[in-house]
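Accompanying notes for the structure given below.
Structure below.
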């Protein structure tokens, strides 16, 4: 296996400039697609680059980006989290479970994160201690959450989202959505955790080569469990933001985000085999999805075409990535 | 470790190859026991026939899913393919009895073709089946919604026979599912191509080294899965009288549960379709029992999730010992 184990270490090491440029391209090449996509959007329809549209794009971008970051953590440790969509909906239902006044917001966050931590622990426990495949473990928790949610709401959630959460999810500050600002802070903090901390280094080692990780004395199980908890918590957070954006809640808020977040990560060059990936990549992948959806809309093409394009993009992106990996691997 | 292997060698083939079935049979027994205590009607022949009938759709789709999982892959396009085929069935037949046979054949061919395309993409693009079929699922759902945004067409009354008809007292659809399952079980056990599916799923690298033709095996496996989805689509169109564009959504992930319950390893190479059939039956039986107990539909999901968690934990333990 010539797969590089560490990424940030490799970047920090002084290497020949051409090699480092290639390494950068290999990892962040997808980011370069963004200006192209935005430029193409401007050509296709001038409305795309209007300040209004761009600020709305940011608004829709935040929830997906937050989930995608969590998904990246899990994917780097060779996992997959299918329960994120269900977690989002559960957080949203929790958001309306109380009286709907601002004084509940702290309680809402506390309960949502408590549930998220429990779900993350369960996922991580099943994957590490019981060696259940991540796909199946998170599928089971997804159904479990769905069942509890339906039982709790009796099928029809009611109640209001507190106004503060509404501001949080849909409000703008001089055209810049609050949720985008929150995302920015979150992304920077998590990027430091993943790419510049000891814990982050361990994540890459565990995902890149579990045997090495064991020989290093890293407690892989704990690292993997932590990644699932991070993913669940971010999903809960995204669910709260999304409920604020939508304004009303049903049992299916967040449906499709499990798929979209995986697509975002794959497009953003987070490896499905684990050991590779970056926060920036996940963000770029999420941006690609949101921008393509928006452009298709502006083109006046039937909305169903979005799904067809999304499906094609995920397969092609993965194919592109697989080619490069096999080419560099030998 | 060697001791465990030694014991396995001494077991007769029929026990060795069906060791995975033990779990699901025990669980069915437990459900029956509880059911006996809950209501004396639970263990009646009629109730079993009902449960058998309710197993049809899940059994059909998960039989195909078993094959893809056995080969070391997975098919996540099943839900969308079911939606598409059920919409096309009712939309194209459109209450015209003369069109039933050509449309049924065309739909089955289409399902198989989609499976072939999945396999082709996996081979040509060298992308994991998870991603290929996920993408294919999104594409097919888009196509389905382009074709119909709501319930479309109608099927003639005679076509309902597929879903509600009884043949010698047995529900027709479920009987077809069982026959299909037995046929595939036979192929998997006794024909070279069937054995190759296991070989590929157990160790793709060795399979390549001994010269197995991966493309051909994957074509068979995904083609079969596509065929089973089309059959499910036909069945659902017959049952509901019209195809709906979201009718298959839940089957994508639901189709994996019976496979796992039936003792097939998600990593491939071990298991079989008989277990899947019993797994599907177990789920229908469990839902039936919860109905008898007057448990709300919502908690049925919880129960199903708990059963999955229970089952996978137990099976993994067994593999760890072997």
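Residue numbers (this note's numbering), protein chains in the order written: chain Z, 348 to 677; chain C, 25 to 346. Beta carbons: idealized from backbone N, C-alpha and C, even for Gly.
Closer than 8 Å: residue i CB and nearest the ligand PLP heavy atom
| i | result |
| --- | --- |
| residue 79/C | In terms of ligand content, the structure shown is empty, and the ligand PLP therefore cannot be addressed. |
N- and C-terminal bounds of the alpha helix (DSSP H) containing residue i
| i | result |
| --- | --- |
| residue 556/Z | No alpha helix (DSSP H) holds residue 556/Z; DSSP gives it neither H nor E. |
| residue 636/Z | 626–646 |
| residue 499/Z | 481–500 |
| residue 448/Z | Where residue 448/Z is concerned, there is no enclosing alpha helix (DSSP H), given that its DSSP letter is neither H nor E. |
| residue 145/C | 124–149 |
| residue 521/Z | Here residue 521/Z belongs to no alpha helix (DSSP H), and DSSP marks it neither H nor E. |
| residue 50/C | 45–62 |
| residue 399/Z | 398–423 |
| residue 70/C | 69–94 |
| residue 225/C | 216–226 |
| residue 604/Z | 604–614 |
| residue 112/C | 102–117 |
| residue 585/Z | 567–593 |
| residue 264/C | 238–264 |
Sub-9 Å separation of residue i and residue j beta-carbons
| i | j | result |
| --- | --- | --- |
| residue 587/Z | residue 512/Z | yes |
| residue 266/C | residue 176/C | yes |
| residue 309/C | residue 52/C | yes |
| residue 439/Z | residue 567/Z | no |
| residue 143/C | residue 245/C | yes |
| residue 555/Z | residue 622/Z | yes |
| residue 430/Z | residue 488/Z | yes |
| residue 575/Z | residue 421/Z | yes |
| residue 187/C | residue 490/Z | no |
| residue 471/Z | residue 572/Z | yes |
| residue 285/C | residue 306/C | yes |
| residue 585/Z | residue 601/Z | yes |
| residue 85/C | residue 335/C | no |
| residue 625/Z | residue 616/Z | yes |
| residue 166/C | residue 389/Z | no |
| residue 653/Z | residue 663/Z | no |
Chain Z residues whose Cβ lies nearer than 9 Å to that of residue i
| i | result |
| --- | --- |
| residue 68/C | Ordered by position in chain Z, no residue passes the 9 Å Cβ test against residue 68/C, which lies about 28 Å from the chain. |
| residue 291/C | 480 |
| residue 145/C | 662, 666 |
Cβ-based neighbour list, residue i, same chain, cut-off 7 Å, excluding 5 preceding and 5 following
| i | result |
| --- | --- |
| residue 493/Z | 433 |
| residue 168/C | 104, 107, 108, 111, 269 |
| residue 161/C | 100, 101, 103, 104, 276 |
| residue 262/C | 179, 183, 184, 186, 187 |
| residue 95/C | 221, 224, 225, 241, 242, 245, 292 |
| residue 581/Z | 413, 414, 416, 417 |
Proximity test, Cβ basis, 9 Å: residue i and chain Z
| i | result |
| --- | --- |
| residue 336/C | yes |
| residue 150/C | yes |
| residue 241/C | no |
| residue 156/C | yes |
| residue 73/C | no |
| residue 98/C | yes |
| residue 137/C | no |
Where residue i meets chain C, residues with beta-carbon distance less than 8 Å
| i | result |
| --- | --- |
| residue 654/Z | 162, 163, 165, 166, 169 |
| residue 483/Z | 280, 284, 290, 332, 336 |
| residue 619/Z | 152, 154, 155 |
Contact set between residue i and chain C, taken where Cβ atoms lie within less than 7 Å
| i | result |
| --- | --- |
| residue 494/Z | 322, 323, 325, 326, 329 |
| residue 649/Z | 170 |
| residue 497/Z | 322, 325 |
| residue 487/Z | 329, 332, 333 |
| residue 613/Z | 155 |
| residue 537/Z | Within 7 Å Cβ-Cβ: nothing; residue 537/Z doesn't reach chain C, min ~25 Å. |
| residue 606/Z | 158 |
Chain C contact for residue i (CB, 9 Å cutoff)
| i | result |
| --- | --- |
| residue 348/Z | Note that residue 348/Z scores 41 on pLDDT, short of 50, meaning its location in the model is unreliable and no value can be drawn from it. |
| residue 501/Z | yes |
| residue 662/Z | yes |
| residue 473/Z | yes |
| residue 490/Z | yes |
| residue 639/Z | no |
Neighbourhood of residue i by C-beta, 6 Å cutoff - its chain only, sequence neighbours within 5 removed
| i | result |
| --- | --- |
| residue 226/C | 293 |
| residue 358/Z | No answer about residue 358/Z holds up, because its pLDDT of 46 lies below 50 and its placement is not dependable. |
| residue 298/C | 209 |
| residue 378/Z | 631 |
| residue 633/Z | 411, 412, 415, 611 |
Cutoff 8 Å; reference residue i; Cβ partners in own chain excluding five residues on either side
| i | result |
| --- | --- |
| residue 434/C | With chain C covering 25 to 346 only, the question about residue 434/C has no answer from this structure. |
| residue 132/C | 251, 254, 255, 258 |
| residue 361/Z | Its pLDDT being 46, under 50, residue 361/Z is placed unreliably by the model, and the measurement read from it follows with that caveat. Correct list: empty, nothing qualifies. |
| residue 191/C | 199 |
Contacts of residue i in chain Z (Cβ-Cβ under 7 Å)
| i | result |
| --- | --- |
| residue 159/C | 658, 659, 661, 662 |
| residue 277/C | 486 |
Beta-carbon neighbours of residue i, restricted to chain C and to distances below 9 Å
| i | result |
| --- | --- |
| residue 401/Z | Per Cβ cutoff of 9 Å: no residues; residue 401/Z is ~26 Å from chain C at best. |
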